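Written out below as structure tokens is the structure these notes cover.
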Amino acid sequence: MVVVVAKHDPKWAQLFQEEAQRIRQIFGEEIVDIHHIGSTSVPGLQAKPILDMMPVVRDILKVECRIDQKKIQLTMVNASWICNE
Numbered sequence: 000m001v002v003v004v005a006k007h008d009p010k011w012a013q014l015f016q017e018e019a020q021r022i023r024q025i026f027g028e029e030i031v032d033i034h035h036i037g038s039t040s041v042p043g044l045q046a047k048p049i050l051d052m053m054p055v056v057r058d059i060l061k062v063e064c065r066i067d068q069k070k071i072q073l074t075m076v077n078a079s080w081i082c083n084e
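So for the sequence shown, numbering that gives the first Met the number 0 puts the first residue at 0; every next one is plus one.
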């Protein structure tokens, strides 16, 4: 397996904002906050070009129900869940 590490890209912060907005639109008031975590969140740090996000929710059961209702597909990548609409 080849691991790609890239120079820091300032676009990562904007991509995080765009993805966070998509998540907020899907889950609405159940989202308390969404954090940009991992190496792409650190300015100047080289990183694998994969955004790590940590949503904080009010009620995980309501979020799971919404996932089922909207038929959102979740995919695990490296022990992380990724939302695929």
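Using N, Cα and C, we set each Cβ at its ideal position, and we do this for glycine too.
Values in this document were obtained by computation on a predicted structure and should not be read as measured data.
Next on the checklist: If I measure Cβ to Cβ from Lys6 and keep anything under 8 Å in the same chain, skipping five residues before and after, which residues do I get?
Outcome noted: Gln45
Next on the checklist: By alpha-carbon positions, which one of Pro54, Gln68 and Gly43 ends up nearest to Gln16?
Outcome noted: Pro54
Next on the checklist: When you compare the region 58 to 66 with the region 34 to 43, are there three or more beta-carbon pairs, one atom per stretch, that lie closer than 8 Å?
Outcome noted: no
Item to check | Endpoints, the alpha helix (DSSP H) within which Ile66 is located | outcome: Ile59 to Gln68
Item to check | Ile25, DSSP secondary structure in three states | outcome: In this structure, Ile25 counts as helix in the three-state DSSP scheme.
Checklist entry - Buried or exposed: where does Ile36 fall if 16 or more other Cβ atoms within 10 Å of its Cβ makes it buried? => result exposed
Next on the checklist: Only counting the same chain, and skipping five residues up and downstream in sequence, which positions put a Cβ closer than 6 Å to that of Asp51?
Outcome noted: Scanning its chain for C-beta atoms nearer than 6 Å, with the 5 sequence neighbours on each side dropped, one finds around Asp51 the residues Ile36 and Gly37, in chain order.
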